Each structure stands twice: as structure tokens, then as C-alpha cells.
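Engineer: Counting from 838, one number per residue, gives the positions in the sequence shown under our numbering.
The beta carbon of each residue, even a glycine, is placed where N, CA and C say it ideally should be.
All of these numbers come straight from a predicted model, not from anything done at the bench.
Structure incoming, see below.
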Amino acid sequence: MLPRQMTRALIAVLAMPGMVAFAIPAVWLWYTLQLRLIHPIGLIPLTAGLAMLLWCVRDFYVLGRGTLAPWEPPQTLVTAGLYRYTRNPMYGSVLVVLLGWALSFAAAGLFIYTFVAAIAFHLRIVFGEEPWLARTYGSDWEYYARRVPRWF
838 MLPRQMTRAL IAVLAMPGMV AFAIPAVWLW YTLQLRLIHP IGLIPLTAGL
888 AMLLWCVRDF YVLGRGTLAP WEPPQTLVTA GLYRYTRNPM YGSVLVVLLG
938 WALSFAAAGL FIYTFVAAIA FHLRIVFGEE PWLARTYGSD WEYYARRVPR
988 WF
């Protein structure tokens, strides 16, 4: 049996990035009948984005002792792994997955969805997450935010 926190982490992954990065694009492709793989090269960013996402989830669980879910956030600020290079690798990973879907199936609608998701992520980060991180982690967050770029 899985420990309670690991089960909650798995549920959070399936509920949040799983829906945005996998369920919605799959339903979109099915609904629009764009089921033919057009550009197999698009599977590279899709797979890479998934690997990056899982790496970030692991870092939240192991290093931060929490999950990506707002109801059980990491207890410590995660600054290792991909978080050394960007403050938002999980969101970036989801966008890479979405680009992989859009490229693989040459789906204009998924390119638009990726663009809208990027804007929504940015607004969530700037107006929601970063103020919360500043309140929660104080000077640790300020030091980290000065050293590591928000996106690239």
C-alpha cells in the first residue's frame, strides 16, 4: 500500500497537470477526429516534457516534503533539480508536453490551447503563487527569485 502522502501526490498529478497536459489534448484530438500522427518528431517534446514534469513532482515530494497540490504544498522551498534553472519548470514542462501534442498531430487548436495555457500559467504565477511564496518563505524566496529567472 502506498503511503498517504504519496497517494495524495499521485492524485494531485493526475488531477492537475494530468488533466491540462494529457486529458484535455486527448479529448480535443478525439473530438476533432485528428487522430492521425502527422509528425512523429513531436513525440520528442511530449516525452521530454513528461520526464521533466515527473522530475519536478519527485523533487516536490522528496526534497520539499509535499506535493504540487495547493492543499499540501512543499514544506520547504524547492531550489534543486530543474528549479536551479527556472522557478517554474513544472509549468514549463506542461507547455512542452502541449507543444508535443500540437506538433505530433498538427492540431492548430492545440497550438492555441498551449498559448492560452501559457498566459494563464503566467498570470497564476505572478498574481497567485509568487506572492504566496514570498509570504511563506520570506528571505529564502527573495534570494531565490533574484538568482533564478521566472521562465528562462
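Just to check my reading of the structure: W988 and G929 have Cβ atoms closer than 8 Å, yes? What is that Cβ distance to the nearest angstrom?
Structural biologist: In the sequence shown, counting from the first residue as 1, residue 988 sits at position 151. In the sequence shown, counting from the first residue as 1, residue 929 sits at position 92. Right, their Cβ atoms sit about 7 Å apart.
Engineer: Measure the C-alpha to C-alpha separation of A917 and F952 and round it to an integer number of angstroms.
Structural biologist: Residue 917 sits at position 80 when you count from the first residue of the sequence shown. Residue 952 sits at position 115 when you count from the first residue of the sequence shown. Rounded to whole angstroms, A917 to F952 spans 27 Å at the Cα level.
Engineer: Verify whether the separation of the beta carbon atoms of Y950 and L935 is less than 8 Å.
Structural biologist: In the sequence shown, counting from the first residue as 1, residue 950 sits at position 113. In the sequence shown, counting from the first residue as 1, residue 935 sits at position 98. Cβ distance < 8 Å, so Y950 and L935 count as in contact.
Engineer: Taking only three categories from DSSP, how would you classify R845?
Structural biologist: On the sequence shown, position 8 is the one that residue 845 refers to. Three-state DSSP puts R845 in a helix.
Engineer: Do the segment 898 to 907 and the segment 937 to 946 meet, that is, are 3 or more Cβ pairs less than 8 Å apart?
Structural biologist: Because the criterion of three Cβ pairs below 8 Å is not met, the segment 898 to 907 and the segment 937 to 946 do not touch.
Engineer: Should L960 go down as buried or exposed, given a rule of 16 or more other Cβ atoms within 10 Å for buried?
Structural biologist: Locating residue 960 in the sequence shown gives position 123, counting from the first residue. Exposed.
Engineer: When you compare each of R924, F948 and T844 to E979 by their alpha carbons, which one comes out closest?
Structural biologist: The residue labelled residue 979 in the question sits at position 142 within the sequence shown. Comparing Cα positions, the closest option is R924.
Engineer: Does DSSP put V953 in a helix, in a strand, or in coil?
Structural biologist: Within the sequence shown, numbered from 1, the residue matching residue 953 stands at position 116. Correct three-state label for V953: helix.
Engineer: If we require 3 or more residues per run, which beta strand (DSSP E) segments fall completely within the segment 861 to 942?
Structural biologist: Counting whole runs of 3 or more residues, the segment 861 to 942 contains no beta strand (DSSP E) stretch at all.
Engineer: Cutting at 8 Å between CB atoms, please list the residues of its own chain near P911, excluding the five before and the five after it.
Structural biologist: Counting from 1 along the sequence shown, the entry for residue 911 is found at position 74. Answer for P911: F897, L900, G901, R902, G903 and T904, listed in chain order.
Engineer: When you compare only the Cα positions, how much space is there between E909 and P882?
Structural biologist: On the sequence shown, residue 909 is found 72 positions in, with the first residue counted as 1. On the sequence shown, residue 882 is found 45 positions in, with the first residue counted as 1. Answer to the nearest angstrom: the Cα atoms are 29 Å apart.
Engineer: Can you check which of these residues, E966, A906 and L970, is closest to I848 by C-alpha distance?
Structural biologist: Taking the first residue of the sequence shown as position 1, residue 848 is located at position 11. Minimum Cα distance to I848 is reached at A906.
Engineer: Taking just the CA atoms, how far does F859 sit from A944?
Structural biologist: For the purposes of this step, residue 944 is identified with residue 107 of the sequence shown, where counting begins at 1. For the purposes of this step, residue 859 is identified with residue 22 of the sequence shown, where counting begins at 1. Near 14 Å, if we compare the C-alpha coordinates of F859 and A944.
Engineer: What does the Cβ neighbour count give for M889, buried or exposed, with the cut at 16 atoms within 10 Å?
Structural biologist: Here residue 889 refers to the residue found at position 52 of the sequence shown. By the neighbour-count rule (16 or more Cβ atoms within 10 Å), M889 is buried.
Engineer: Please determine, among T844, P986 and A954, the residue with the shortest C-alpha to C-alpha distance to I861.
Structural biologist: Numbered from its first residue, the sequence shown carries residue 861 at position 24. Measuring from the Cα of I861, the nearest candidate turns out to be A954.
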